[in-house]
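Enquirer: Before I ask anything, here is the structure I am working with.
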Amino acid sequence: MSIKVALPQGVKVAGKNADDNPGLIILKLRPVIKQNLRRFLLLLIIGQIFLVGAIMQTDQVVYKDVEDWSAEDTRQLDMRGPVPSEKDIEIDQLNEDQMPEPSPETVVEDTPVLPEVLGVKFRSEEAYDIAEFELSQEVKVLRRTQGGKLLRIRVMPGFHKINPEFITQLQKKFEKFSIHQTNRYSEMVFAARGRIGNPYTASETSGVFRLCVPYQHDKPRFKLPVGEKVVDGVTYYRDRTQTPAGSSDVHILRVEPFSNATRLFPVLANEGIAQKETLSSMSRRYSAVAGINGAYFTPRGDPIGTLIINRRLISSPLYRRSVFGIGEDDTLIFGNPEFSGNLKAGGLSIVIDAVNQPRRGEQLVVYTPEYARSTLTPERGVEIVLVKGKIVGIHDNDALIPPDGVVVSAGGEKAELLKSLRLGQSVTLDYSIDKPWNTIRHAVCGGPRLVSEGRKDINGREEKFDNSIINGRHPRTAVAQTFDGDLLMIVVDGRSKRSAGMKLDELAAYLRTLGTRHAINLDGGGSSSMIVKGKIVNSPSDGSERRISNGILITSR
86 MSIKVALPQG VKVAGKNADD NPGLIILKLR PVIKQNLRRF LLLLIIGQIF
136 LVGAIMQTDQ VVYKDVEDWS AEDTRQLDMR GPVPSEKDIE IDQLNEDQMP
186 EPSPETVVED TPVLPEVLGV KFRSEEAYDI AEFELSQEVK VLRRTQGGKL
236 LRIRVMPGFH KINPEFITQL QKKFEKFSIH QTNRYSEMVF AARGRIGNPY
286 TASETSGVFR LCVPYQHDKP RFKLPVGEKV VDGVTYYRDR TQTPAGSSDV
336 HILRVEPFSN ATRLFPVLAN EGIAQKETLS SMSRRYSAVA GINGAYFTPR
386 GDPIGTLIIN RRLISSPLYR RSVFGIGEDD TLIFGNPEFS GNLKAGGLSI
436 VIDAVNQPRR GEQLVVYTPE YARSTLTPER GVEIVLVKGK IVGIHDNDAL
486 IPPDGVVVSA GGEKAELLKS LRLGQSVTLD YSIDKPWNTI RHAVCGGPRL
536 VSEGRKDING REEKFDNSII NGRHPRTAVA QTFDGDLLMI VVDGRSKRSA
586 GMKLDELAAY LRTLGTRHAI NLDGGGSSSM IVKGKIVNSP SDGSERRISN
636 GILITSR
């Protein structure tokens, strides 16, 4: 290896005068310097193989995705939906055959401590199982190949040893398991009858480091026998079912768990909150292979209830309405998150009622840059503009939202309390949703709940929906998870001679025939729409696509 350096005039190198070769020349190093330089470069190059993983941190555990390894480079595994965070960057890597070998002259002073496998455990997580390797220290894990039922990963540095009993356990749980050991790495191959998910690591504050491999024992069989493959792991089905009021066309997207070919995420109309756009237009913008409409929205386009995109709270929970979420490890979550928050300034403390929701009555609402150019509040109140925790503006209503700050808008008695604040004063905002929703990657609010643990469980009154939504017959949109772990995205046609639509209890009953474990209703009526390969496959009841506030899309990775 050579290094080009600029030398002052008059300096001789390798018997030649530097004046004869101006600019950069090749410097031949003395043996001692050369040896030390090799050590430094060796450490530098080896250190470059360690990628920065996509990280999710809770109070006690830090999770990291396992990165891919290819013949040309290792790329960071993108698990965050359409908009990468600042940490989601591509890092060039060395090929395996470019890994530097220690030269005979190199003296290895310290022998590295190799990790030991302290135990192998298996636990069930609803529709799949997880094999957990408990390790004595942190390791780097690269995913070399993965093809649905096959996974090959490389662990660096290699294990010091692995108990033969652990290998026997793994061979009993998986269709096939093997491990290859070298001084530099350990390579493991897993094969299962069902799909194998994305491996990930988890480091706890207690010092325990775990390598986790989710998998399915068997490949599940879906209730509908014939469907159209959209991409690997995504299938479109069309069904026709009877209701007391007549037949209805039902459109279903089935997304199999651990599908590495696709990503699923919510999107906003025109990338803003108080906006509306057709599902087809959203789909074109993201080159989506399929998608459906999402959460309820106001006539202006404000999403109603919880909306989280890339771990950013776009809209806060409302009435604890049912929500569907996607975790950092692609697990599906159904539940009813709660919101809490406080504004503090000096001795003042006020409860925050919502984030990016239309302000009503005496509410105090926080508006972030995702909302719109301004708060769009028609009623007068008090609105304080905050940048880096300092008040930079005070207005009555419709205040501009700074790109690097927020606006706090209040009405009624809470507005009177805000009148005591002054320009330049420090204000602290502390708001969040409860666990596990505070670490969810994506979430979309709907409601009411339809199915819970396989039982019909409609809670429309509890979630404060009006009678028309609960008992009316309409086109419907829903999301569900089966006992086999599949995600179902469902659209029911209605309000036409061909399709009568469904009441919520009929929809819940139909979903149970598909093996549904959890399900929630989404926005329906004229909003109900499904797109597959660029084409709207259902029959929107308005006669054409309705402009909607948000959607849920599937794209190829």
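In this text, residue positions in the sequence shown follow the working numbering: the first is 86, and each later residue adds one.
Beta carbons: idealized from backbone N, C-alpha and C, even for Gly.
Bear in mind the structure is a predicted one, so any value in this text is a computation, not a measurement.
With a threshold of 16 other CB atoms inside 10 Å of the CB of residue 245, please say whether the residue is buried or exposed.
Expert: Position 160 of the sequence shown, counted from the first residue, corresponds to residue 245. Exposed: under 16 other Cβ atoms inside 10 Å.
Enquirer: Less than 6 Å between C-beta atoms, sequence neighbours within five positions excluded: which residues of the same chain meet that for residue 367?
Expert: On the sequence shown, position 282 is the one that residue 367 refers to. Contacts found: 352, 636.
Enquirer: In whole angstroms, what separates the C-alpha of residue 551 from that of residue 362?
Expert: For the purposes of this step, residue 551 is identified with residue 466 of the sequence shown, where counting begins at 1. For the purposes of this step, residue 362 is identified with residue 277 of the sequence shown, where counting begins at 1. Cα-Cα distance, rounded: 26 Å.
Enquirer: At the level of alpha carbons, what is the spacing between residue 506 and residue 386?
Expert: For the purposes of this step, residue 506 is taken as the residue at position 421 of the sequence shown. For the purposes of this step, residue 386 is taken as the residue at position 301 of the sequence shown. C-alpha separation (whole angstroms): 32 Å.
Enquirer: Would the beta-carbon of residue 589 fall within 7 Å of that of residue 536?
Expert: Counted from its first residue, the sequence shown places residue 589 at position 504. Counted from its first residue, the sequence shown places residue 536 at position 451. No, they are not a contact pair.
Enquirer: For residue 278, I'd like the list of residues in its chain whose CB is within less than 8 Å of its CB, leaving aside the five on either flank, ordered along the chain.
Expert: Here residue 278 corresponds to residue number 193 of the sequence shown, with the count starting at 1. Once the five neighbours on either side are set aside, the close Cβ partners of residue 278 are 234, 260, 301, 302, 303, 304.
Enquirer: Which runs of the alpha helix (DSSP H), 4 residues or longer, sit entirely within the segment 468 to 520?
Expert: 497 to 503
Enquirer: Taking buried to mean at least 16 other C-beta atoms within 10 Å of its own C-beta, is residue 404 buried or exposed?
Expert: In the sequence shown, residue 404 corresponds to position 319, counting from 1. It is exposed - the Cβ of residue 404 has fewer than 16 other Cβ atoms within 10 Å.
Enquirer: Where does residue 311 land, buried or exposed, given buried means 16+ other C-beta within 10 angstroms?
Expert: As a working mapping, residue 311 is identified with position 226 in the sequence shown. Its Cβ having fewer than 16 others within 10 Å, residue 311 is exposed.
Enquirer: Please find out if some non-hydrogen atom of the ligand FMN comes closer than 6 Å to the beta-carbon of residue 618.
Expert: What this structure holds is no ligand at all, so the ligand FMN is not there to describe.
Enquirer: With H, G and I counted as helix, E and B as strand and the rest as coil, what does DSSP make of residue 415?
Expert: Here residue 415 is taken as the residue at index 330 of the sequence shown, counted from 1. Of the three classes helix, strand and coil, the one that applies to residue 415 here is coil, per DSSP.
Enquirer: Starting from residue 398, trace the beta strand (DSSP E) in both directions and tell me its first and last residue.
Expert: Within the sequence shown, residue 398 is the residue found at index 313, counting from 1. Boundaries of the beta strand (DSSP E) around residue 398: 397 to 400.
Enquirer: With a threshold of 16 other CB atoms inside 10 Å of the CB of residue 569, please say whether the residue is buried or exposed.
Expert: For the purposes of this step, residue 569 is taken as residue 484 along the sequence shown, with counting starting at 1. Its Cβ being crowded by 16 or more others within 10 Å, residue 569 is buried.
Enquirer: My guess is that residue 612 and residue 378 are in contact by the Cβ rule of under 8 Å, so how many angstroms apart are they, rounded?
Expert: By 1-based counting over the sequence shown, the position of residue 612 is 527. By 1-based counting over the sequence shown, the position of residue 378 is 293. Indeed, because the Cβ distance is near 5 Å, the residues count as touching under 8 Å.
Enquirer: Do you know offhand how far residue 616's Cα is from residue 372's?
Expert: Here residue 616 refers to the residue found at position 531 when the sequence shown is read from its first residue. Here residue 372 refers to the residue found at position 287 when the sequence shown is read from its first residue. Each residue's Cα considered, the two are about 12 Å apart.
Enquirer: Using a 10 Å radius around the Cβ and a threshold of 16 neighbouring Cβ atoms, would you call residue 592 buried or exposed?
Expert: Counting from one through the sequence shown, the residue named residue 592 turns up at place 507. By the 10 Å Cβ count, residue 592 comes out buried.
Enquirer: Who are the near neighbours of residue 155 in its chain, counting only those whose CB is closer than 8 Å to its CB and skipping five residues on each side?
Expert: As a working mapping, residue 155 is identified with position 70 in the sequence shown. In this predicted model, residue 155 has a pLDDT of only 49, less than 50, meaning its place in the structure is not dependable enough to derive any value.
Enquirer: To which residues of the same chain is residue 276 closer than 7 Å at the C-beta, ignoring the five residues directly before and after it?
Expert: What you label residue 276 is simply residue 191 of the sequence shown in a count that begins at 1. Closer than 7 Å at Cβ, skipping near neighbours: 234, 235, 259, 260, 261.
Enquirer: With a threshold of 16 other CB atoms inside 10 Å of the CB of residue 526, please say whether the residue is buried or exposed.
Expert: On the sequence shown, position 441 is the one that residue 526 refers to. With 16 or more Cβ atoms within 10 Å of its Cβ, residue 526 is classed as buried.
Enquirer: Grouping DSSP H, G and I as helix and E and B as strand, with all else coil, what is residue 369?
Expert: The residue labelled residue 369 in the question sits at position 284 within the sequence shown. In the structure shown, residue 369 sits in a helix (DSSP, three-state: H, G or I).
Enquirer: Taking the alpha-carbon positions, what's the residue 626 to residue 421 distance?
Expert: Taking the sequence shown and counting its residues from 1, the one referred to as residue 626 is at position 541. Taking the sequence shown and counting its residues from 1, the one referred to as residue 421 is at position 336. Straight-line Cα distance between these residues: approximately 30 Å.
Enquirer: Tell me the residue span of the alpha helix (DSSP H) that contains residue 45.
Expert: Nothing about residue 45 can be read from this structure; the chain reaches only from 86 to 642.
Enquirer: Please check if any C-beta of chain D sits within less than 7 Å of the C-beta of residue 457.
Expert: In the displayed structure, chain D is absent; only one protein chain is listed.
Enquirer: If you reduce the DSSP assignment to three classes, tell me which class residue 228 lands in.
Expert: The sequence position of residue 228 within the sequence shown is 143, counting from 1. Here residue 228 sits in strand by DSSP.
Enquirer: With respect to the alpha helix (DSSP H) encompassing residue 214, which residues constitute its N-terminal and C-terminal limits?
Expert: As a first step, residue 214 must be located in the sequence shown, where it is residue number 129. Not the alpha helix (DSSP H): residue 214 falls in the beta strand (DSSP E), residues 213 to 220.
Enquirer: Using a threshold of 7 Å, state whether the C-beta atoms of residue 489 and residue 472 are closer than that.
Expert: On the sequence shown, position 404 is the one that residue 489 refers to. On the sequence shown, position 387 is the one that residue 472 refers to. Going by C-beta atoms, residue 489 is nearer than 7 Å to residue 472.
Enquirer: If you drop the 5 nearest sequence neighbours on each side, which residues of the same chain put their C-beta closer than 7 Å to that of residue 167?
Expert: Working through the sequence shown from its first residue, we reach residue 167 at position 82. Because residue 167 carries a pLDDT of 38, less than 50, the predicted location of this residue cannot be relied on, and the following value inherits that uncertainty. Correct list, in chain order: 350, 352, 371.
Enquirer: Which of the three DSSP states is assigned to residue 277 in this structure?
Expert: Here residue 277 refers to the residue found at position 192 when the sequence shown is read from its first residue. Of the three classes helix, strand and coil, the one that applies to residue 277 here is coil, per DSSP.
Enquirer: Could you tell me whether the segment 497 to 514 touches the segment 560 to 580, where touching means 3 or more Cβ pairs closer than 8 Å?
Expert: Cβ pair count under 8 Å is below three, so no.
Enquirer: For residue 457, which of 445, 511, 388, 254 has the nearest alpha-carbon?
Expert: Position 372 of the sequence shown, counting from 1, holds the residue named residue 457. Closest by alpha carbon: 388.
Enquirer: So which of 307, 221, 326, 376 has the shortest CA-CA distance to residue 622?
Expert: Position 537 of the sequence shown, counting from 1, holds the residue named residue 622. Cα-wise, what sits closest to residue 622 is 376.
Enquirer: Pick out whichever of 610, 297, 338, 332 has its Cα sitting closest to the Cα of residue 314.
Expert: As a first step, residue 314 must be located in the sequence shown, where it is residue number 229. Ranking the options by Cα distance to residue 314, first place goes to 338.
Enquirer: Beta-carbon separation of residue 402 and residue 424 under 7 Å?
Expert: Here residue 402 refers to the residue found at position 317 when the sequence shown is read from its first residue. Here residue 424 refers to the residue found at position 339 when the sequence shown is read from its first residue. A contact, by the Cβ cut-off of 7 Å.
Enquirer: Is the segment 553 to 563 touching the segment 430 to 447, taking contact as three or more C-beta pairs under 8 Å?
Expert: no
Enquirer: Is it buried or exposed, residue 579, if we count other Cβ atoms within 10 angstroms and call 16 or more buried?
Expert: Here residue 579 is taken as the residue at index 494 of the sequence shown, counted from 1. Sixteen is the threshold: when 16 or more other Cβ atoms of the shown chains lie within 10 Å of the Cβ of residue 579, as they do, the residue is buried.
Enquirer: For a test of the three-state rule: what should DSSP assign to residue 67, helix, strand or coil?
Expert: The requested residue 67 does not occur in the structure, where the chain is confined to residues 86 to 642.
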